[in-house]
Amino acid sequence: MNTRIRILATTLLVPVGLALIVACQEARSIVESKTVSEHAPPVITSTFAKFTETDFNHHVDQLKKRLPSRDFSIVIQQPFVVIGDERRSVVQQRAEDTVKWAVDRLKQDFFTKDPKKILDIWLFKDEASYERHTQLLFGEKPTTPYGYYSATHKALIMNIATGGGTLVHEIVHPFIEANFPACPSWLNEGLGSLYEQCGEEDGHIHGYVNWRLPGLQQAIRAGTVTSFKNLMSMNSYVFYNENPGTNYGQARYLCYYLQQKGLLTKFYQEFLVHQKDDASGYQTLQKVLGEADMDVFKKKWERYVLDLRQGYAVTVE
Ligand SMILES: [Zn+2]
6 MNTRIRILAT
16 TLLVPVGLAL
26 IVACQEARSI
36 VESKTVSEHA
46 PPVITSTFAK
56 FTETDFNHHV
66 DQLKKRLPSR
76 DFSIVIQQPF
86 VVIGDERRSV
96 VQQRAEDTVK
106 WAVDRLKQDF
116 FTKDPKKILD
126 IWLFKDEASY
136 ERHTQLLFGE
146 KPTTPYGYYS
156 ATHKALIMNI
166 ATGGGTLVHE
176 IVHPFIEANF
186 PACPSWLNEG
196 LGSLYEQCGE
206 EDGHIHGYVN
216 WRLPGLQQAI
226 RAGTVTSFKN
236 LMSMNSYVFY
246 NENPGTNYGQ
256 ARYLCYYLQQ
266 KGLLTKFYQE
276 FLVHQKDDAS
286 GYQTLQKVLG
296 EADMDVFKKK
306 WERYVLDLRQ
316 GYAVTVE
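The sequence shown begins at 6 in the numbering used here and counts up one residue at a time.
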């Protein structure tokens with residue numbers, strides 16, 4: 006792992022200061038969003054607009070009525086609206102450097118359709134704000150300290166103090182929902198978690214080795230990692246409830262392996278086309294890898310994963 010990647014990783018794990026706030030620190034995209042204040046109308050500049058300016062204005066008007074306090078700022082960053090209780094300039098920077106950056110690059114490689122609804126991204130400044138406002142606005146208690154996507158609330162609900170990585174992860178989910186509704190859990194979470202630690206390589210979004218590695222390596226050594234056929238055909242209940250830590254890790258590092266072999270986007274596109282005949286993606290995986298024997302592939306992949314190294318301290322989970 007080179008120094009640049011190590012710096013990026015450190016950046017993601019230390020949520021202190023303005024320079025450290027974005028998931029993908031190298032991503033400095035052209036400023037296109039505008040902060041919405043009480044005095045200025047929102048400015049819509051995305052070229053992917055499906056909703057009109059009137060739609061967004063109406064949405065923002067409704068949001069303003071729901072804001073828990075005057076600490077919150079609203080930034081339109083299509084196809085999302087970002088709301089946060091950090092300084093206005095910080096909310097705007099997150100909208101540009103994380104949300105817009107990730108959306109543009111995910112669309113470049115994977116997605117052609119925006120989410121069907123205008124979705125809100127709530128960026129709560131710390132754990133206390135996240136806990137209190139999630140209860141206040143949505144009547145529920147978060148089950149994760151980092152943040153989550155709720156299709157029911159049409160919202161990404163984030164404790165942004167934990168870093169921008171989870172935000173990029175969660176942004177993947179509504180795009181999968183819009184572009185690949187039948188996507189199995191392993192790929193939905195594999196792709197989301199791949200980009201929770203990301204940067205840019207050759208103009209494309211790129212996932213890096215992250216904190217999910219040691220647990221997966223431990224499971225490989227213990228012989229508790231299931232076959233790819235089994236992982237890929239898990240329904241969502243099984244994926245999320247039976248050994249979920251290993252399932253996430255296995256899915257992420259299968260996506261990582263495909264990415265490193267230059268096969269990830271090819272796999273995604275082929276799976277999308279053949280989903281009716283191959284609901285799990287297993288046959289497409291076998292084809293894209295060119296592997297006749299998937300037991301042999303699993304051994305090869307396990308050796309590959311065991312050789313991976315992290316370049317930074319692990320502090321989460
Ligand atoms: Zn997820």
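By construction, the Cβ of each residue, glycine as well, lies at the ideal position given by its N, Cα and C atoms. None of the values given here were measured: they were computed from a predicted structure.
Sorted by position in the chain, H174, H178, E194 and G197 make up the residues whose C-beta lies under 6 Å from a heavy atom of ligand 1.
Taken through DSSP and simplified to helix, strand or coil, N215 comes out as coil. Rounded to the nearest whole angstrom, the CA to CA distance from D102 to P189 is 29 Å. With a beta-carbon spacing of about 3 Å, A256 and G195 fall inside the 8 Å limit used to define contacts. Relative to F180, the option among H63, Y262, D312 and T117 whose CA is nearest is T117. Shown here, S78 sits in a strand according to DSSP, grouped into three states.
The straight-line gap separating the alpha-carbon atoms of Q140 and K146 is approximately 6 Å. Under DSSP, I88 forms a beta bridge with I79 and W127. Between K130 and the set F115, N164, K105 and E136, the nearest pair of CA atoms involves N164. Rounded to the nearest angstrom, the gap between the Cα atoms of F185 and Q98 is 30 Å.
By the criterion of a C-beta distance shorter than 7 Å, L269 is surrounded in its chain by C260 and L263, once the five residues flanking it on both sides are discounted. Under the three-state reduction of DSSP output, L196 falls in the helix class. It is roughly 32 Å from the alpha-carbon of H174 to the alpha-carbon of D298.
A straight line joining the alpha-carbon of L311 with that of F143 spans about 42 Å. E145 sits in coil when the DSSP states are folded into three classes, being neither helix nor strand. One Cα belongs to N246, the other to A160, and the distance between them is close to 23 Å. When rounded, the separation of the alpha-carbon atoms in L68 and K112 is 27 Å. The beta carbons of L124 and I88 sit no closer together than 8 Å. Looking at T251, E205, D76 and K292, the one whose alpha-carbon comes closest to that of E307 is T251.
Secondary-structure assignment with DSSP links A160 through a beta bridge to D125 and S155. Secondary structure of E201 (DSSP, three-state): coil.
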